[in-house]
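Here is the structure we will look at.
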């Protein structure tokens, strides 16, 4: 297999107009205000659009979704009912984010249908959606396997297969599912002409094995965007093991950051730390494997819309998340390995933003952190926590609070419906309304505190799209 290596993409900004994209795709990019390609997009899009099999190593937040989205939409036949593109993601949240991005890119392509196949949701509606026809299918490994087993997912016409965050799927134990799906695809009539695209932040041995076995003469593109070093300042604070919670609290009030993720190793640590921070007055929530899917969705919606400022998470629970602008990452303990450390701190310092990553270390962990720093060629400043104090009066309160509505996409609710009802009927100032997130069954609205009563009254007393919806403040 021929391998083309690109260690660093060019620094010159390149316009999407240079790619020869269709008019509907260019119109969608303009509406979304995407004009200049990221370095990852510059490095891979020419080969991807030419139909080559490509394996791309680039960090999360580098614009890869847009890259493979443009590729698969460029070859879609909207008249065909069987799926032509299949995208596999490690988590439900990432799958839904990817599906939404594809829908936005396809806004100017009438009748194009994108279907999400994810766990935690009933299969019945998914089966019905597939029967009505789907051009693009985005799903998680387990649920895709369920549909293959029930023969409700037809792979015969799939001409583009995407593995998104492949290393995360391997970490989560999905290698067998990945290989089974690729085996099914290799036996279909479109196998000879199918394009297989793989995106991964790291390239462990299993990735190389998958590339060798299931891609044809794949081009390996490694993108060093030059941002992971300069854009992320790394610090380490020496602490006594029993003072970790106090150290986290002190750092939060010292920096007064709007958006922080604190990574813990275990579910127990995550639960205990999030509870303790909440009791101290922080708007903190925990994300771990013991949560029900509805609880997990609510936690993520609140953190994404900036109505809570601290997310305490296990590595497993946080995999696949794509949350804009995380200002600070705190490692409650040193990561188990280099890849985990890289993924953790990669949550901050995205795009052109500066980020800060802080690791708490006791005497037993310092050697491990030194090893990580040496192997990643990173500068990690070591500081003493004694100079940082917790101040209860310096806890940063979010600008918005979250309103949860018992209605969502299944009720045909759209952000525009909510925005119109609140601004025109309830006369809520536009600047008091933040992000509106709509899932299948729920809607989460970020509202400034001064307008909360007005919003709750609107839902209690009036209808939206002819229906009343229950709403509550979280």
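Numbering (our numbering), first residue to last: 78 to 551. Every residue, glycine too, gets a C-beta built ideally from N, C-alpha and C.
Asked	Found
Three-way DSSP call (helix, strand, coil) for residue 268 in this model	helix
Beta-carbon proximity list for residue 489, same chain, < 8 Å, skipping 5 on both sides	542
Residue 461, DSSP secondary structure in three states	strand
Cβ-based neighbour list, residue 158, same chain, cut-off 6 Å, excluding 5 preceding and 5 following	210
Endpoints, the beta strand (DSSP E) within which residue 511 is located	510 to 515
DSSP state of residue 212 mapped onto helix, strand, coil	coil
Start-to-end residues for the alpha helix (DSSP H) that takes in residue 353	344 to 357
Complete runs of the alpha helix (DSSP H) confined to the region 413 to 443 [at least 4 residues]	415 to 422
Distance, residue 392 Cα to residue 18 Cα	Only positions 78 to 551 of the chain appear in this structure, which leaves residue 18 out of reach.
Buried versus exposed call for residue 33 [16 or more other C-beta atoms within 10 Å across all chains shown]	Missing from the structure shown is residue 33; the chain here goes from 78 to 551 and no further.
Where residue 475 falls, given that 16 or more other Cβ within 10 Å makes a residue buried	buried
For residue 608, the residue or residues it bridges with in DSSP	With the chain covering only 78 through 551, there is no way to say anything about residue 608.
Assigned exposure category for residue 205 - 16 Cβ within 10 Å defines buried	exposed
Pair within 8 Å by beta-carbon distance, residue 344 and residue 367	yes
At least three beta-carbon pairs within less than 8 Å, the region 225 to 244 to the region 138 to 153	yes
Residue closest to residue 439, alpha-carbon to alpha-carbon, out of 433, 432, 447	447
Distance CB(residue 326)-CB(residue 354) smaller than 8 Å	yes
Sub-8 Å separation of residue 195 and residue 228 beta-carbons	no
Buried or exposed by the 16-neighbour rule on C-beta atoms within 10 Å, applied to residue 189	buried
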